[in-house]
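Comments concern the structure below.
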Amino acid sequence: MSIERRHDREFVRTFFTSPTAVKGEDDSAKMLRRAAQLRGMQAPDVWVPDNEDATAPSMRDEGAENIVDVIAEHGADFPGEIHPRIVWHRDSPATRYRCFEHLLEIADPERGAIERIDGFVIPEVGDIDDWKKADEFITIVENEYGLEEGSLAMSVIVESGEAELALADLREEMGKPSNNLERLFLLVDGEVDYTKDMRAITPTGGLPPWDELRHNTSRGASAAGLIAIDGPYDDIRDVEGYHERMTDNQAKGMLGIWSLTPGQVAEANRSPLPPETGSWLLEVNGREVDLSEEDGRYVYDGGDVTLEETGDDQYRLRAGGDERDLDGDELAEELLDLTSYIPSLNDIVDSMEEFEAAKEAGKGAIAMERSATLVIDGVEVEISNDRMWDEATYQAAQTPITLFQDVYENRPDQHEELEELYGDDVVDRAMVVG
Amino acid sequence: MSIERRHDREFVRTFFTSPTAVKGEDDSAKMLRRAAQLRGMQAPDVWVPDNEDATAPSMRDEGAENIVDVIAEHGADFPGEIHPRIVWHRDSPATRYRCFEHLLEIADPERGAIERIDGFVIPEVGDIDDWKKADEFITIVENEYGLEEGSLAMSVIVESGEAELALADLREEMGKPSNNLERLFLLVDGEVDYTKDMRAITPTGGLPPWDELRHNTSRGASAAGLIAIDGPYDDIRDVEGYHERMTDNQAKGMLGIWSLTPGQVAEANRSPLPPETGSWLLEVNGREVDLSEEDGRYVYDGGDVTLEETGDDQYRLRAGGDERDLDGDELAEELLDLTSYIPSLNDIVDSMEEFEAAKEAGKGAIAMERSATLVIDGVEVEISNDRMWDEATYQAAQTPITLFQDVYENRPDQHEELEELYGDDVVDRAMVVG
Amino acid sequence: MSIERRHDREFVRTFFTSPTAVKGEDDSAKMLRRAAQLRGMQAPDVWVPDNEDATAPSMRDEGAENIVDVIAEHGADFPGEIHPRIVWHRDSPATRYRCFEHLLEIADPERGAIERIDGFVIPEVGDIDDWKKADEFITIVENEYGLEEGSLAMSVIVESGEAELALADLREEMGKPSNNLERLFLLVDGEVDYTKDMRAITPTGGLPPWDELRHNTSRGASAAGLIAIDGPYDDIRDVEGYHERMTDNQAKGMLGIWSLTPGQVAEANRSPLPPETGSWLLEVNGREVDLSEEDGRYVYDGGDVTLEETGDDQYRLRAGGDERDLDGDELAEELLDLTSYIPSLNDIVDSMEEFEAAKEAGKGAIAMERSATLVIDGVEVEISNDRMWDEATYQAAQTPITLFQDVYENRPDQHEELEELYGDDVVDRAMVVG
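Chains as they are written, first to last, in UniProt numbering: chain A, 1 to 434; chain B, 1 to 434; chain C, 1 to 434.
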């Protein structure tokens, strides 16, 4: 039997935390209440009323109360899933007991919130036996309140070396009859505490990139049918940096990320979706430069790559410190090596439809052509690239489409924005391809 | 007891796949037949008649027939090993049953192919228990046909997170009496399907680098006495990119790579062998530039590092944005830091012989000197470097020599090309050193 | 129960090996004797009389004798810990037996050395069962000589794929009643032999970076309460390269490194401690350039970033190939993105004190401001950055302070040098904060 995802969402782009109780406000639940009313691209796939680090320890009992109140009032209308984070620590039985008390309180069906809650987020987990302790508390609570066993999801924050090691055990442990770990949903990296736990130091105090942690989280999610989410990006002003981090994550199979503000939510909801228009990139001194489109031609107007026509079908190209004399064919070949294309949603749908038609007609592999007119220093060059598509290419290309479909099905509140972005026609075709 | 390699080859440079049956040709086995007749540097160490992804699903029964026919006819003369790939999927019992049927068909001794087949390649494996299922089918087939148990090798394609996790279990599982996993031979990464399984996305649709997967494959191979092979490099035109990938792989201990064409086979057979001549590299703006040799001197003729003599034993060096005034010793020291040397096969043999003689004479460590005359902007500078060699350095340097010896012993069809490349004398000395 | 460190040192910066017996000297123990008398920043946290690779095989029996003699004479006064390395190999029972003999000899209480020895270093370990064999020999020796079981530490050199895999088993195996693996202390990478074991090849013969090995070692140490140490850096002349390697290690949580000379010891003892003065970095073409301080302002005097005032509150900034016209606020914002600050020990202590006071006053998070005057092409710009500190930030920032405190408590011989470097006041405050 293949691993089946047991949850409604196959993809989660955004994990947005809100403090549950803020001191010194008239209404300590103000931030919860505001978050609960987010809609559209500013509303996350998973909203996390955060009764742990975002809330002062002395405010957490009030926070648990606020969670119940706000979700009972606004939960039914919230467009994403709701997964409160409650306290937990692998090294503190007192904290774990407090977790159990908050669980009992928040999940009490008489309070009217639990039917709107999809699951809970458990921070600071240790090795797999520690995960089982949290799972057991949730099982007891489900049983106590007559909820179906395993119906509440459990997501964990991976923020210790022990928890990272546990990621390799999930697939084996999730099948065992003495636990309900099949309730697992999100594996979320928590790099600030992980950095502390690993005792890492950087000169500026910035976080290390933790490539291996992110890989291992993504792999653990893949092997156990779960969803991998990256931790918070602290520098809220730095939108470009946030996008670079997301692109890096996506190449690891980690398609979701923590968001700290509605602005970050909107960026992160958008990031793993294909762009609305395709673009050509030119490699200039080891960096990829986006070419600007003018009347269907793609123009490089920097000074670091130069091109001149030196005679009949003769060109001189200077790039990366090299200067070369080339004929037209050599030039096109050379520029093909230096360029790459980022397909739009429409392009991906086109290619998939074309491959599906070819398969229908009995072909196993076809060449997809992509051509463009480049303009460098006023000189026009036609380039054209064939890429072979077979079943594997087709399936790998499908990930952004499956993601798009998952979003569109589960987030009606984003339909308008998505249709405005891509156009109705592309959205319709994207929903039936694959 | 140390891990012993159970197979003839200790190293495999090339894993070349051929479609087993192509529709619309007079002879559907044409590509198999052509591949079976490759010789010399164009012939792979391991040839893989590919009855999985390279062949259309509807053609695979005919493909199994073609495998038998072509190997029965040409297998005896093929200079490399022969390991057909047959269908398998961790999530599909139907595909696994089809695997068993093809195994029974291809391995039937009456058909005359099995005595020329070294083993089988199993794609799409899952966790270790899934590997055992394939192993068990091969055991049954061996028993049915009177072949020695464990005599058929089994190689796997690692193309899922589950299979990547299984790499850590091999050493422990291979010893167990209830399986014959000692038949394992190659661990081959399959990055296209792995990318799909990990649900990774890149803007251009290109494959992520998957550094951790390659490390874990190489480490799994090292711990279990197996051989690690990287997956296909799709862009067949891009010879430079293929070489960069191989250099990167080799630094991870992954010395073999998939090849899609005889041209790629020739490049990949050559890549892990030491070069025929040594060369000096100069670091220029963070990149390594190959210096051109002229009359035994190594000349930099780019413009990004400049040198002038400003007085008696006084020099001005400009490199990496810095300008510095140095005397002759300081200059030599500085240039030593900026240069590195790539030794030839002859250089490596020289150093090993020198260390062996020193060891014979009772010394545990000796300094190996390497000197050269550099020319920058017409100014000549002598540099000289001492590197300490001890037993560990000696043994680490031995890997390319052991590889060379393995190739030379197992591939008589490449003797002529190797002797032409390196000269008879160097080849003879390389075969006795170490 | 949380993992407790069972050893005196929570941090080890330096692991310094000395040959135990050198042929052809009047006193074969000369190098041991010299090393035993190092003090201050040149003396390592862990000194390793090396009866394995640093000593010729034929000299190792004499080496074991020298270890006993020199430690009996000088051990009581040595300021760091003493952990001799003795022979071992996962693949050789003969070598393991020799290990046992040397253990019995060196640990004999009548010889007067063992009371000064903190533990032993075991090289070339294999999988976890192999580690247990070494542990068992130490247990027998402890019992034989009336030493407390588990009182001798055991450190291992991770230099094989098998040993790297064992790092994931430590936490589980260390609790078992049939071993004394709680004696484990340091996990030390040995990249030269690891490279050989992984059969990796680089063109120049230099070592691969082995990022994943270092991560896995650091994670294994973190999960099991141990200390991770990187292997030797061969190029002794290359101080800058040694520092770059240490900075890279520190970002992985690997705070200690092997040292081959007292000069390297001094550099490595210094490297993980915060600097004595803070500094501003400017990102120039992808690299970080240290700005020079002049009268409290930070000046960039390279030519790759240019700035001019073009009008009233109008500026033109050229950086990274881009030219932009900005008003004063935009300019400050842009430069803030391009700069980062490396805090001094004093800065870190300041921030921690400030956060502690805020916490005392009931606040969970505060903004830490950092401002500076930058000068580019004579134009002055004020920049100012707020960073939010919460409990997690505070605790992650604490690592260098905890390290400093551990050093100061355990190494009285370095007090003078530390006070000279940082000033008495900063040292006193650093010892009470946190």
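Glycine included, C-beta positions come from ideal geometry on N, C-alpha and C.
Quiz item: Is L165 (chain B) close to chain A, meaning its C-beta is less than 8 angstroms from at least one C-beta of that chain?
Solution: In terms of beta-carbon proximity, L165 (chain B) lines the interface with chain A, with at least one pair separated by less than 8 angstroms.
Exercise. Report buried or exposed for T20 (chain B), applying the criterion of at least 16 other Cβ atoms within 10 angstroms of its Cβ.
Key: Buried: at least 16 other Cβ atoms inside 10 Å.
Self-check item: Cβ-based neighbour list, G302 (chain A), same chain, cut-off 8 angstroms, excluding 5 preceding and 5 following
Solution: Short of 8 angstroms from the beta carbon of G302 (chain A), and not among the five residues preceding or following it, lie these beta carbons of its own chain, in chain order: V284, V289.
Quiz prompt | DSSP beta-bridge partners of E333 (chain B) | solution = Beta-bridge pairing links E333 (chain B) to no other residue.
Quiz item: Quick one: does G118 (chain A) have its CB under 8 angstroms from some CB of chain C?
Solution: The question names Gly, but residue 118 (chain A) in the sequence shown is Asp. Closer than 8 angstroms: no.
Quiz item: According to the Cβ coordinates, are N216 (chain C) and D230 (chain C) closer than 8 angstroms?
Solution: Against a cut-off of 8 angstroms, the Cβ pair of D230 (chain C) and N216 (chain C) comes out as no contact.
Self-check item: Close Cβ partners of D327 (chain A) (< 8 angstroms) along its chain, the five nearest in sequence each way excluded
Solution: Around D327 (chain A): D313, Q314, Y315.
Quiz item: Between which two residues does the alpha helix (DSSP H) carrying P79 (chain B) extend?
Solution: Neither: P79 (chain B) is in no alpha helix (DSSP H) and is coded neither H nor E.
Quiz item: Going along chain A, which residues have a C-beta under 8 angstroms from A35 (chain B)?
Solution: Simply none; closest approach about 18 angstroms.
Quiz item: Can you give the Cα-Cα distance for I401 (chain C) and A224 (chain C), rounded to whole angstroms?
Solution: For I401 (chain C) and A224 (chain C), the distance between alpha carbons rounds to 22 angstroms.
Quiz item: Which residues, in chain order, does the segment 144-174 of chain B contribute to contact with chain A at a C-beta distance below 8 angstroms?
Solution: For chain A, the residues of the segment 144-174 of chain B that bring a beta carbon within less than 8 angstroms of one of its beta carbons are S160, G161, E162, E164, L165, A168, in chain order.
Quiz item: Residue range of the beta strand (DSSP E) that N385 (chain A) falls in?
Solution: Residues 379-389.
Self-check item: Candidates C:L317, C:M352, C:L335, C:V121: closest to W280 (chain C) by CA position
Solution: That would be C:L335, whose Cα lies nearest to the Cα of W280 (chain C).
Quiz item: So, does the CB of I257 (chain A) fall closer than 8 angstroms to a CB anywhere in chain C?
Solution: With a threshold of 8 angstroms between beta carbons, I257 (chain A) makes no contact with chain C.
Quiz item: Taking any Cβ of chain A, which residues in the segment 205-216 of chain C have a Cβ under 7 angstroms from it, in chain order?
Solution: From the segment 205-216 of chain C, only E212, H215 have a Cβ closer than 7 angstroms to chain A.
Exercise. Name, please, each residue of chain A whose Cβ falls closer than 9 angstroms to the Cβ of A200 (chain B).
Key: Think of a sphere of 9 angstroms around the beta carbon of A200 (chain B): the chain A residues whose beta carbon falls inside it are S218, Q250, A251, K252, G253, M254, L255, A396, T399, in chain order.
Exercise. Helix, strand or coil for D325 (chain C), going by three-state DSSP, please let me know.
Key: Reduced to three states, the DSSP call for D325 (chain C) is strand.
Quiz item: Which partner residues does P343 (chain B) have in the DSSP bridge list?
Solution: Answer is none; P343 (chain B) lacks a bridge partner.
Quiz item: Is the shortest distance between the beta-carbon of D304 (chain C) and the beta-carbons of chain A less than 8 angstroms?
Solution: Chain A places no beta carbon closer than 8 angstroms to that of D304 (chain C), leaving this residue out of the contacts.
Quiz item: In its own chain, which residues sit with a C-beta less than 8 angstroms from the C-beta of V349 (chain C), not counting the 5 before and 5 after it?
Solution: Answer for V349 (chain C): I401, V426, R429, A430, V433, listed in chain order.
Self-check item: Option in B:M352, B:E380, B:P232, B:E276 with minimal Cα separation from V299 (chain B)
Solution: It is B:E380 whose Cα lies nearest to the Cα of V299 (chain B).
Exercise. Compare the C-beta of D8 (chain A) against all C-beta atoms of chain B and say whether one is closer than 8 angstroms.
Key: Not a single C-beta of chain B is nearer than 8 angstroms to the C-beta of D8 (chain A).
Quiz item: Pick from C:E124, C:V68, C:L32, C:G175: whose alpha carbon is nearest that of V22 (chain C)?
Solution: Restricting attention to C:E124, C:V68, C:L32, C:G175, the CA atom closest to the CA of V22 (chain C) is found in C:L32.
Exercise. May I ask you to report which of helix, strand or coil DSSP gives I3 (chain A)?
Key: Confidence is the limiting factor: at I3 (chain A) the pLDDT is only 45, short of 50, which leaves the residue's position unreliable, though a coordinate-based value still follows. DSSP places I3 (chain A) in coil when its eight states are reduced to three.
Practice problem: Using alpha carbons as the reference points, say which of B:K359, B:E382, B:T195, B:P177 lies closest to G150 (chain B). | Solution: Of the listed residues, the one whose Cα sits closest to G150 (chain B) is B:P177.
Self-check item: CB contact below 8 angstroms: T393 (chain B) versus chain C
Solution: At a cut-off of 8 angstroms, the C-beta of T393 (chain B) has a neighbouring C-beta in chain C.
Exercise. Closer than 7 angstroms by C-beta to S2 (chain C): which residues in its own chain qualify, once you throw out the five before and the five after it? Chain order, please.
Key: The predicted model places S2 (chain C) with a pLDDT of 43, which falls under 50 and marks its position as unreliable, so this point remains unresolved.
Self-check item: Contact under 8 angstroms by Cβ, L213 (chain A) with E164 (chain A)
Solution: With contacts defined as CB atoms closer than 8 angstroms, L213 (chain A) and E164 (chain A) qualify as a contacting pair.
Quiz item: By Cβ distance, which residues of its chain are closer than 7 angstroms to R9 (chain B), with the 5 residues on each side in sequence left out?
Solution: Around R9 (chain B): D45, E81, D406, N410.
Quiz item: Pairing CB atoms from the segment 264-279 of chain C with CB atoms from the segment 337-346 of chain C, are three or more of them under 8 angstroms?
Solution: Contact between the segment 264-279 of chain C and the segment 337-346 of chain C is established, with three or more Cβ pairs separated by less than 8 angstroms.
Self-check item: Pick from A:G220, A:E173, A:A251, A:G161 that is closest to P208 (chain B), judged by C-alpha positions
Solution: Per the Cα distances, A:A251.
Quiz item: Leaving out five residues before and five after Y422 (chain B) in sequence, what residues of the same chain have Cβ atoms less than 6 angstroms from its Cβ?
Solution: Shown here for Y422 (chain B): same chain residues with a beta carbon closer than 6 angstroms to its own, the five before and five after excluded, namely E276, L345 in chain order.
Practice problem: Report yes or no: is there a C-beta of chain A within less than 8 angstroms of the C-beta of I342 (chain C)? | Solution: True, the Cβ-Cβ gap to chain A drops below 8 angstroms.
Quiz prompt | For F15 (chain B) and S155 (chain B), the rounded distance between their alpha carbons | solution = For S155 (chain B) and F15 (chain B), the distance between alpha carbons rounds to 11 angstroms.
Exercise. Could you please give me the residues that DSSP links to F16 (chain B) through a beta bridge?
Key: Answer is B:W47, B:S259, bridged to F16 (chain B).
Quiz item: In chain order, what residues of the same chain lie with their CB nearer than 6 angstroms to the CB of H89 (chain B), ignoring the 5 residues before and after it?
Solution: T95, E124.
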